[in-house]
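Novice: So that we are looking at the same thing, I have put the structure below in structure tokens.
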Amino acid sequence: MQKKLGLRKVLKTLDSFFKISSEQKTLLKNYVFEIRKNQEKINLIGKSTLNHIWVRHIMDSMQIMRYLPTENSGKLLLDVGTGAGFPGVVLFIMGRRNIMLCDKSLKKGHFLKKILKECSLDIKVYNNRIESYFKNNIEVIVSRAFASLIKLLNSIYHLITQETVLVVHKGKKHIQEIEEAKLLFAFKFEKFQSITCHEGVILRIKNIRKK
Numbered sequence: 030m031q032k033k034l035g036l037r038k039v040l041k042t043l044d045s046f047f048k049i050s051s052e053q054k055t056l057l058k059n060y061v062f063e064i065r066k067n068q069e070k071i072n073l074i075g076k077s078t079l080n081h082i083w084v085r086h087i088m089d090s091m092q093i094m095r096y097l098p099t100e101n102s103g104k105l106l107l108d109v110g111t112g113a114g115f116p117g118v119v120l121f122i123m124g125r126r127n128i129m130l131c132d133k134s135l136k137k138g139h140f141l142k143k144i145l146k147e148c149s150l151d152i153k154v155y156n157n158r159i160e161s162y163f164k165n166n167i168e169v170i171v172s173r174a175f176a177s178l179i180k181l182l183n184s185i186y187h188l189i190t191q192e193t194v195l196v197v198h199k200g201k202k203h204i205q206e207i208e209e210a211k212l213l214f215a216f217k218f219e220k221f222q223s224i225t226c227h228e229g230v231i232l233r234i235k236n237i238r239k240k
């Protein structure tokens, strides 16, 4: 029952700013099914969120679509600490392309490659630490549950250019995290209220440089 309520809530909420095709719905349902099937042996998401997966993970991932810059051909969107593929897989299903998922867990990496192949989703996976990843064509970096803002910036700084946009989910301690990060980094940011958590926000960060 919870799963059905979650799905109805997702679709109703998203109707105000997205149109979800029947093909996209099928892909999302298959994706959720695979997560549920593999959860016990891999621990893909928090146990307490499993019964609320459509709201806590699917809708939560989808909401950042409206905060991403327009996609540029040849430029990557990098999902850092993707875990079970959030938000990267959901963004791809909703139409975003040129996505790279990054997670150091070998088990999660294996799951991602398997589900991407089964669902015919053209997404690349980097199964290693983000500090070891080097590319110069990254336009957007997203992250839901990787680390505090200052730790995230330290881990990805070698990938950041003047054009890079960082879009991250943050919780009730986001003000503290911003203040801490500004001790070492200069940046501009915008803050948007999360639609899935009253204490949560989406931060869009630009012009990042070390002090």
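First residue of the sequence shown? That's 30 in the numbering used here, and the numbers climb one at a time after it.
By construction, the Cβ of each residue, glycine as well, lies at the ideal position given by its N, Cα and C atoms.
Out of curiosity, what's the CA-to-CA distance linking I207 and N183?
Specialist: Rounded to whole angstroms, I207 to N183 spans 13 Å at the Cα level.
Novice: With which residues is S172 paired in a DSSP beta bridge?
Specialist: Partner(s): V197.
Novice: On the three-state DSSP scale, how would you describe E219?
Specialist: E219: strand per DSSP, three-state reduction.
Novice: DSSP beta-bridge partners for Y155?
Specialist: DSSP output for Y155 lists C131 as bridge partner(s).
Novice: Spatial neighbours of H86 within its chain, please: CB distance less than 7 Å, with the 5 preceding and 5 following residues excluded, ordered by chain position.
Specialist: If we look at H86 and ignore the five residues flanking it on each side, its Cβ neighbours are I74, T78 and F115.
Novice: Is there at least one Cβ from chain B nearer than 8 Å to S223's Cβ?
Specialist: Protein chains in the displayed structure number just one, and chain B is not present.
Novice: How far does the beta strand (DSSP E) with K239 in it reach, from first residue to last?
Specialist: Here the beta strand (DSSP E) through K239 covers V230 to K239.
Novice: Could you tell me if T99 is buried or exposed, where buried requires 16 or more neighbouring beta carbons within 10 angstroms of its beta carbon?
Specialist: Exposed, since its Cβ has fewer than 16 Cβ neighbours within 10 Å.
Novice: Going by beta carbon distance, what residues of the same chain come within less than 6 Å of F218, once the five residues before and after it are set aside?
Specialist: For F218, where only same-chain residues beyond five positions count, the Cβ hits under 6 Å are L232 and I234.
Novice: Measuring CB to CB, does D108 end up less than 8 Å from M129?
Specialist: Cβ distance < 8 Å, so D108 and M129 count as in contact.
Novice: Alpha carbon to alpha carbon, what distance is there between N127 and A113?
Specialist: The straight-line gap from Cα to Cα measures roughly 18 Å.
Novice: To the nearest angstrom, how far is the alpha carbon of R125 from that of N165?
Specialist: Looking at the two C-alpha atoms, the distance is approximately 19 Å.
Novice: Measuring straight from C-alpha to C-alpha, what distance separates L97 and N80?
Specialist: Distance between the alpha carbons of L97 and N80 is about 28 Å.
Novice: Compute the beta-carbon to beta-carbon distance between I144 and L57, rounded to the nearest angstrom, for a pair I have assumed lies under 8 Å.
Specialist: With 8 Å as the limit, I144 and L57 do not qualify as a contact, their Cβ atoms being about 12 Å apart.
Novice: Based on the DSSP secondary-structure assignment, which residues constitute the bridge partners of I167?
Specialist: Looking at the DSSP assignment, I167 forms a beta bridge with L105.
Novice: How many Å lie between I71 and F140 at the Cα?
Specialist: Each residue's alpha carbon lies about 8 Å from the other.
Novice: With distances taken from CA atoms, which of K239, A210, Y155 and R158 is nearest L178?
Specialist: Selected option, being the one with the closest Cα: A210.
Novice: Which residues share a DSSP beta bridge with F28?
Specialist: The structure shown does not extend to residue 28, since the chain is modelled only from 30 to 240, so the question has no answer here.
Novice: Looking only at C-alpha atoms, which of E168, E192, E52 and K199 sits nearest to G103?
Specialist: Ranking the options by Cα distance to G103, first place goes to E168.
Novice: Check whether the Cβ atoms of I237 and I189 sit closer than 8 Å, and answer yes or no.
Specialist: Yes, Cβ-Cβ distance for I237 and I189 is below 8 Å.
Novice: Thinking just about the alpha-carbon of each residue, which of L106, Q92, I64 and A215 is nearest to the one in I224?
Specialist: Among L106, Q92, I64 and A215, the Cα nearest to that of I224 belongs to Q92.
Novice: When DSSP labels each residue in this structure, what does F47 get in the three-state scheme?
Specialist: In this structure, F47 counts as coil in the three-state DSSP scheme.
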